[in-house]
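Worksheet: the structure to be examined is printed underneath.
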Amino acid sequence: MRKGFIPRSCKMQIKKSFMLLAVFLLVVSNLLTVLPQQIHAEDNTGVTPAAVDACPAPVALINGSFEQGPAKGSAGAPYFFLESEVPGWKTTDNASPTGQKVIEIWNHQLGYPEAAKSYPAPPDGNRWAELNAYENGMLYQDVKTTPGQTIYWRLSHMGRGGVDTMQLRIGAATANPYDTVVQRKMSDGNTKWGTYTGAYTVPAGQTTTRFGFEAVSVASGSIGAGNFLDDIFLGTEPCVTANKTVSPQGEVHAGDELTYSVQVKNEGGDIASNANFSDLIPEGTEYVPGSLKLINGSTTKNLTDAADNDEGHFDGKKVNAKLGNLPNTTQLPNGVTVQFKVKTKTDYAVTKVNNKAQINYNNLLTNKNEQTESNEVTTPIIFNEPKLESKKTASIQQKAAGNTDADHPEVGDTLLYTIQTRNTLEDSQVKNLVISDAIPEGLEYVPGTLKVDGTAVSDAKDGDKGHYADGKAAGQFGNVNDTEWHTVTFEAKVKSGQSGKDIVNTANVTGDNIDKPDKPNHEVKVYPRDPVLESEKTAKNLDADKEKFEVGDTVVYTIKTRNKITESTIEDLTISDKLPAGLTYVEGSLKASNGGEAKIEDGKITANFGDVTDTEWRTVTFEAKIESGYAGKTIKNVAVAGGDNVKTPDKPGTSITVEPKDPDPEKPSEPNKPNKPEKPTDQKTDGGNELPNTATDTFNLLLAGLVLLLAGTGLWYFRRKRNV
Numbered sequence: 001m002r003k004g005f006i007p008r009s010c011k012m013q014i015k016k017s018f019m020l021l022a023v024f025l026l027v028v029s030n031l032l033t034v035l036p037q038q039i040h041a042e043d044n045t046g047v048t049p050a051a052v053d054a055c056p057a058p059v060a061l062i063n064g065s066f067e068q069g070p071a072k073g074s075a076g077a078p079y080f081f082l083e084s085e086v087p088g089w090k091t092t093d094n095a096s097p098t099g100q101k102v103i104e105i106w107n108h109q110l111g112y113p114e115a116a117k118s119y120p121a122p123p124d125g126n127r128w129a130e131l132n133a134y135e136n137g138m139l140y141q142d143v144k145t146t147p148g149q150t151i152y153w154r155l156s157h158m159g160r161g162g163v164d165t166m167q168l169r170i171g172a173a174t175a176n177p178y179d180t181v182v183q184r185k186m187s188d189g190n191t192k193w194g195t196y197t198g199a200y201t202v203p204a205g206q207t208t209t210r211f212g213f214e215a216v217s218v219a220s221g222s223i224g225a226g227n228f229l230d231d232i233f234l235g236t237e238p239c240v241t242a243n244k245t246v247s248p249q250g251e252v253h254a255g256d257e258l259t260y261s262v263q264v265k266n267e268g269g270d271i272a273s274n275a276n277f278s279d280l281i282p283e284g285t286e287y288v289p290g291s292l293k294l295i296n297g298s299t300t301k302n303l304t305d306a307a308d309n310d311e312g313h314f315d316g317k318k319v320n321a322k323l324g325n326l327p328n329t330t331q332l333p334n335g336v337t338v339q340f341k342v343k344t345k346t347d348y349a350v351t352k353v354n355n356k357a358q359i360n361y362n363n364l365l366t367n368k369n370e371q372t373e374s375n376e377v378t379t380p381i382i383f384n385e386p387k388l389e390s391k392k393t394a395s396i397q398q399k400a401a402g403n404t405d406a407d408h409p410e411v412g413d414t415l416l417y418t419i420q421t422r423n424t425l426e427d428s429q430v431k432n433l434v435i436s437d438a439i440p441e442g443l444e445y446v447p448g449t450l451k452v453d454g455t456a457v458s459d460a461k462d463g464d465k466g467h468y469a470d471g472k473a474a475g476q477f478g479n480v481n482d483t484e485w486h487t488v489t490f491e492a493k494v495k496s497g498q499s500g501k502d503i504v505n506t507a508n509v510t511g512d513n514i515d516k517p518d519k520p521n522h523e524v525k526v527y528p529r530d531p532v533l534e535s536e537k538t539a540k541n542l543d544a545d546k547e548k549f550e551v552g553d554t555v556v557y558t559i560k561t562r563n564k565i566t567e568s569t570i571e572d573l574t575i576s577d578k579l580p581a582g583l584t585y586v587e588g589s590l591k592a593s594n595g596g597e598a599k600i601e602d603g604k605i606t607a608n609f610g611d612v613t614d615t616e617w618r619t620v621t622f623e624a625k626i627e628s629g630y631a632g633k634t635i636k637n638v639a640v641a642g643g644d645n646v647k648t649p650d651k652p653g654t655s656i657t658v659e660p661k662d663p664d665p666e667k668p669s670e671p672n673k674p675n676k677p678e679k680p681t682d683q684k685t686d687g688g689n690e691l692p693n694t695a696t697d698t699f700n701l702l703l704a705g706l707v708l709l710l711a712g713t714g715l716w717y718f719r720r721k722r723n724v
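So for the sequence shown, this note's numbering puts the first residue at 1; every next one is plus one.
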């Protein structure tokens, strides 16, 4: 076979593999372009954005009521203003002594000129314009417009010396202001203001539109004096938008507060007249009293909840705010913001809080009422897991006849059991809270004594909040949203045969959303309390390494006893132990715990502990040596624990078996016969002169050669077959 030669079949297989790989990569790359982009949880704020481009491009001239600019003009009189001092407006009147263009503006409040106070107040603000300062010029303003759109105009006009007439020009902005087309003439006397409205459709190709005014005639005959103008508007309709946000965003826990902020803007041209804001408090929340605010620029005004003289109030279902005449964003770029708070409820009824606001306003250009809604914000609610705290108590309700121990329960006494529980975690709910108590052995329920939160209930399952059935008292509380204590009480009588016993009563407190129920319990100790002993006795070899006993070994004995009955007394507790035959006491080994006095006389050990009122273990230890002659025998040792008032003493005991000692391994098992020698080991000597194991080495060498021969033959055969 030639070096580097690849069979044709292998080449074809390789080509197929590369083709399949190319097709796979092409499919994957195209698939990735159509798959949706992954949406991260943190990007999903739960806020539905406001509609994009909800309003057409706004058009509005500025300073339509001539309120902007300095308080006094500088062109020779307080009411004479240079054109540059009046924002937005231009004039053709340049007949002033200085040749500068001058606009005449009167001030009703300040009396510029003095005659201004004798005329009716202007429709908007304190100032108005007279069409001419020195000559019959044209007052005009240019605004950007979009071809095809409809723009509206509105103005107020009044005569000066009587009936004055003027004309309105609207059209393309050319080099000559008088090229502007006359649209309408209007005449008014000097006793009241006349108001005029109209509409204009912007022709194709006209991106700037001129709005101009020119005197036609005056009552005084001097065309340069007369024709008052105010409250001028040229532009598009009002268009109110409302953008709502909530803080915090994302999930909140039940009981948390949400702050809603609604930014209201007029992105149209004309004012949104008499605008009003309202927002229905969403389901699953409650309004936070006193949280309503109105924000205008850097000014924040706290509004009362009452329907009084300020701009806002809460009517029990929704918050309301009066926004008044809302100017467009040219004059009020950030609009106004209404802010209020709600608190999420813990009743599990709503898992998501949805909210949007509504704004109503008047469109003065169309004389219609308009309405707009904000975007909707959504807040998921995480409900806090409740945490129970429970306790149980019992008191003597009534002593039985003949019982005289007023402080301790006795057989026949009636006990009052009280089980209390509460949810310790605010802003959470326990669903269907239930307290139940299985009456234990030793007690007998007193019928008709069951109460739930202080209210008596029947023992039957009849629809009230409690019952007693099958030996169990129970109270149902429904859904609990507070952190107050809730209580079940009942009475039970101590049965006969319980004297000296401890009766443990355990209740069960649970709910539908409680994973681990509370189990408060209470122990009642029934009197009188007679002591009862519990005792033990053990024996071990002093030699800790030995697990058996042989003659001569030392045995360590331990005797323990205690009173099992709490709140009872053993009078003069004593532990004694008579050493049996086969044992010899080891002098000085006797010890007693808890200050007991121990002694040994005539082979009998005695330890006295006096009166014992607790339930702790009392212990006596001593050592004894196993005497000779007891190999193969069992030695039993029994102690006695008792007291002056113990009716039946305890007799703890233990036994040991003495085993024969093992024979000495160094001595022959039979006299005059030596032991068998140890077997030789396979360990090498330390001399280092052992003979080599040549037979094993030769075999290993032959085996390796045979393996190499077989491998070479196989390789030769494989190559030969490939070359054929």
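Using N, Cα and C, we set each Cβ at its ideal position, and we do this for glycine too.
Coil, strand or helix - residue i by DSSP
{"i": "THR45", "result": "Note that THR45 scores a pLDDT of 39, beneath 50, so its modelled location is shaky; the value from the coordinates is reported in the next line. The answer is coil: DSSP assigns THR45 none of H, G, I, E or B."}
{"i": "VAL222", "result": "The sequence as given places Ser at residue 222; Val does not occur at that position. Residue state, collapsed to three classes: coil."}
{"i": "ASP545", "result": "coil"}
{"i": "ASP179", "result": "helix"}
{"i": "ASN637", "result": "strand"}
{"i": "THR694", "result": "Residue placement at THR694 is flagged as unreliable, the pLDDT there being 47, under the threshold of 50; a coordinate-derived value is accordingly withheld."}
{"i": "LYS356", "result": "coil"}
{"i": "ILE626", "result": "strand"}
{"i": "VAL350", "result": "coil"}
{"i": "TRP193", "result": "coil"}
{"i": "VAL434", "result": "strand"}
{"i": "LYS540", "result": "strand"}
{"i": "THR344", "result": "strand"}
{"i": "ASN320", "result": "strand"}
{"i": "ALA456", "result": "strand"}
{"i": "LEU332", "result": "coil"}
{"i": "GLY312", "result": "strand"}
{"i": "ASP124", "result": "coil"}
{"i": "TYR134", "result": "coil"}
{"i": "ASP644", "result": "coil"}
{"i": "VAL240", "result": "strand"}
{"i": "LEU229", "result": "strand"}
{"i": "GLU251", "result": "coil"}
{"i": "SER216", "result": "Reading the sequence as shown, one finds Val at residue 216 and not Ser. Note: VAL216 maps to strand in three-state DSSP."}
{"i": "ALA631", "result": "coil"}
Beta-carbon spacing of residue i, residue j below 8 Å
{"i": "HIS108", "j": "PRO87", "result": "no"}
{"i": "VAL262", "j": "VAL338", "result": "yes"}
{"i": "GLY727", "j": "LYS625", "result": "Outside the displayed span of the chain (1 to 724) sits residue 727, for which this structure offers no information."}
{"i": "ILE439", "j": "ALA507", "result": "no"}
{"i": "GLY255", "j": "VAL350", "result": "no"}
{"i": "VAL264", "j": "VAL319", "result": "no"}
{"i": "VAL638", "j": "LYS647", "result": "no"}
{"i": "GLY643", "j": "GLU571", "result": "yes"}
{"i": "THR346", "j": "GLN476", "result": "no"}
{"i": "PRO113", "j": "TRP193", "result": "no"}
{"i": "VAL551", "j": "ALA539", "result": "no"}
{"i": "GLY125", "j": "LYS117", "result": "no"}
{"i": "GLU491", "j": "VAL452", "result": "no"}
Contact belief for residue i with residue j at Cβ below 8 Å, rounded distance in angstroms
{"i": "ASN363", "j": "PRO238", "result": "6 Å"}
{"i": "GLY235", "j": "VAL59", "result": "4 Å"}
{"i": "THR91", "j": "LEU139", "result": "5 Å"}
Closer than 7 Å: residue i CB and nearest the ligand ZN heavy atom
{"i": "PHE233", "result": "The model on display carries no ligand, and the ligand ZN is accordingly not part of it."}
DSSP beta-bridge partners of residue i
{"i": "THR619", "result": "LYS560"}
{"i": "SER261", "result": "THR245, GLN339"}
{"i": "ASP188", "result": "ASP164"}
{"i": "ILE565", "result": "Answer is none; ILE565 lacks a bridge partner."}
{"i": "GLU659", "result": "GLU550"}
{"i": "ILE752", "result": "One cannot answer for residue 752 here, as it falls past the ends of the chain, which runs 1 to 724."}
Which runs of the beta strand (DSSP E), 3 residues or longer, sit entirely within the region 368-432? The region 368-432 contains these whole beta strand (DSSP E) runs: 368-373, 377-382, 388-398, 414-423.
What residue ranges within the region 53-119 form continuous alpha helix (DSSP H) runs of no fewer than 4 residues, ordered along the chain? As far as the region 53-119 is concerned, it has no whole alpha helix (DSSP H) run of at least 4 residues.
If we require 3 or more residues per run, which beta strand (DSSP E) segments fall completely within the region 139-165? Given a length threshold of 3 residues, each whole run of the beta strand (DSSP E) inside the region 139-165 is given here in chain order: 150-158.
Run through the region 568-619 for me and flag every whole beta strand (DSSP E) of 3 or more residues, listed as ranges in chain order. Listed in chain order, they are 570-578, 583-585, 597-601, 604-612.
Go through the region 458-529 residue by residue and report every complete run of the beta strand (DSSP E) that reaches 3 residues or more, in order. Runs of the beta strand (DSSP E) inside the region 458-529: 466-469, 472-480, 486-494, 502-510, 521-525.
Suppose only complete runs of 3+ residues qualify. What are the beta strand (DSSP E) ranges in the region 265-310, listed by chain order? Unbroken beta strand (DSSP E) runs of no fewer than 3 residues, entirely contained in the region 265-310, are found at 272-280, 285-287, 293-296, 299-302, following chain order.
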